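I have placed the structure first, in the form of structure tokens, so that the comments after it can refer back to it.
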Amino acid sequence: MADTIRAVRQHEFGGPEVLRVEDVPRPVPGPGEVRIGVRSVGINFADTHARENKYVQRSHLPLIPGQEVVGVREDTGERVVALTRGGGAYAEEVTVPVGLCVPIPDGLDDDQALGLLVQGLTAWHLHRTCARLEGGEAVVVHSAAGGTGSLTVQLAKPMGAGRVIATASSPEKRALALELGADAAVDPRPEGLTERLIEANGGRPVDVVVDMAGGAMFDGSLRALGPFGRIVVCGISTKEQNEIRTGQLLKHSRSVIGFWLFHCLEDPERRFVAPLRDLFARAARGEVRVVVGGRWPLEDAHQAHRALLERRTTGKLVLDVDAGVSG
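So this is what it looks like as structure tokens:
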């Protein structure tokens, strides 16, 4: 067996062009870890932040990006989905903690399992753990055609939402959100956003907003909340931080809640494994499906990042480890 594998690795922080495929030493499992032969890798918006060292978790060079894979456990031969925690996913093999490696049920394909890991778990926790949806509440999902947004839309009503309002940046993406179960889909531009959200809810303030953007979109969404409304922050794609005045929260009985998936790993069985199995069951019932928006070989990881940053994609983006170089 070869001592090296192919991986996407960067030696400097910067744009998509810093991502290059090269031979790297084969990873060796540590205590409590298992090695996985990777079949496909999930691409997340967080990977673009890590590439620039602007993610919540600091990056270190040289860096192999990525945190989620589908593959085969070397020790058992099982088909699994797994979280790497510290990067390393854009590669032919990875090592992961055994507790973050979950068998994939028969009947669930690789892409569906992969899409339900980081993005599916995020969507699950946005509703259950953060917003704590109550029956019949109106929920706004921003970036509703993306990987996390498309799953958040689909899970909203099964988890108790009444009216689901999506935002997406193009007519095609808004049509996808409606197809996935949203009751209304509106333009996310900050100008007039508050009014559009309230209008889409029949003239009433909304109860919950799921925001991945930050900046002016966050401000407009916060103003659309009614008493006891919650805005859940799970991303800052605009890279624009917001400041909150506590007096405004008090005056309107509003809440701002942050969510970062990796805090769930402090209690992996309850907050990682159990919710993931629930998602697998929901997928088996046809309650939720992963929309695969694009596939690239490892060699074209930089193109995938560029497409994501330029908002040219929908749904789950996948690196196919076995695929050849695209034309």
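Numbering (the UniProt record's numbering), first residue to last: 1 to 327.
Backbone N, C-alpha and C fix where the C-beta goes; we use that ideal spot for every residue, glycine too.
Values in this document were obtained by computation on a predicted structure and should not be read as measured data.
Inter-residue distance for P105 and T246 is about 46 Å (C-alpha atoms, whole angstroms).
By the criterion of at least three beta-carbon pairs nearer than 8 Å, the segment 117-131 is not in contact with the segment 302-312. Secondary structure of K316 (DSSP, three-state): strand. A direct Cα-to-Cα measurement between F262 and R26 gives close to 25 Å. By the Cβ-count criterion, S170 is exposed, with fewer than 16 other Cβ atoms from all chains shown falling within 10 Å of its own Cβ. Cβ neighbours of E12 within its own chain (closer than 8 Å, five residues either side excluded): V18, L61. Listed in chain order, the non-local C-beta contacts of V186 below 6 Å within the same chain comprise T167, R196, A200, local neighbours out to five positions each way being set aside.
Rounded to whole angstroms, the separation of the alpha carbons of L176 and R85 is 31 Å. For E199, the three-state secondary structure derived from DSSP is helix. Taking 7 Å as the cut-off, the beta carbon of D110 is found closer than this to the beta carbon of V70. The three-state secondary structure of S150, taken from DSSP, is helix. DSSP places P105 outside both helix and strand once states are collapsed to three, so it counts as coil.
A Cβ-Cβ distance of about 6 Å is found for the pair C101 and V34, placing them in contact under the 8 Å criterion.
Secondary structure note for R223: it is in no beta strand (DSSP E), and the uninterrupted alpha helix (DSSP H) holding it is 215-223. In this structure, DSSP gives W296 an extended state, which the three-state scheme calls strand. G66 and G42 have their C-alpha atoms roughly 7 Å apart. F218 counts as buried, since no fewer than 16 other beta carbons sit within 10 angstroms of its beta carbon. Residues of the same chain with a CB within less than 7 Å of the CB of A161, apart from the 5 flanking positions on each side, are L133, E137, V139 in chain order. Residue environment for F45: buried (at least 16 other C-beta atoms within 10 angstroms of its C-beta). For the set E172, L317, A216, I257, the Cα lying nearest the Cα of R189 is the one of A216. Exclusion of the five residues before and after T95 leaves P27, P29, E33, R35 as the residues of its chain whose Cβ lies within less than 6 Å of its Cβ. Looking at the DSSP output, Q10 bridges to L63. Taking a C-beta distance under 7 Å as the contact criterion, I64 and G87 qualify as a contact pair. In the three-state DSSP reduction, E22 falls in the strand class (E or B). Ranking L117, A91, D322 by CA distance to the CA of F272 puts L117 first. A contact between stretches requires three or more CB pairs, one per stretch, nearer than 8 Å, and the segment 138-157 meets this requirement with the segment 282-295.
Between R51 and H252 a beta carbon distance of about 38 Å is seen, past the 8 Å cut, so the two are scored as non-contacting. Under the three-state reduction of DSSP, P27 is assigned to coil, being neither helix nor strand.
DSSP places T122 in the helix class (H, G or I) of the three-state scheme. Given a length threshold of 3 residues, each whole run of the beta strand (DSSP E) inside the segment 160-191 is given here in chain order: 161-167, 184-186. In this structure, the straight-line span from the alpha carbon of A184 to that of L250 is close to 30 Å. For the options V256, K239, A144, R289, the alpha carbon positioned closest to that of Y55 is the one of K239.
If you ignore the 5 residues before and after V98, its C-beta comes within less than 8 Å of the C-beta of G32, E33, V34, all in its own chain and listed in chain order. The Cβ neighbour count for Q112, taken over all protein chains shown within 10 Å, is at least 16; the residue is labelled buried.
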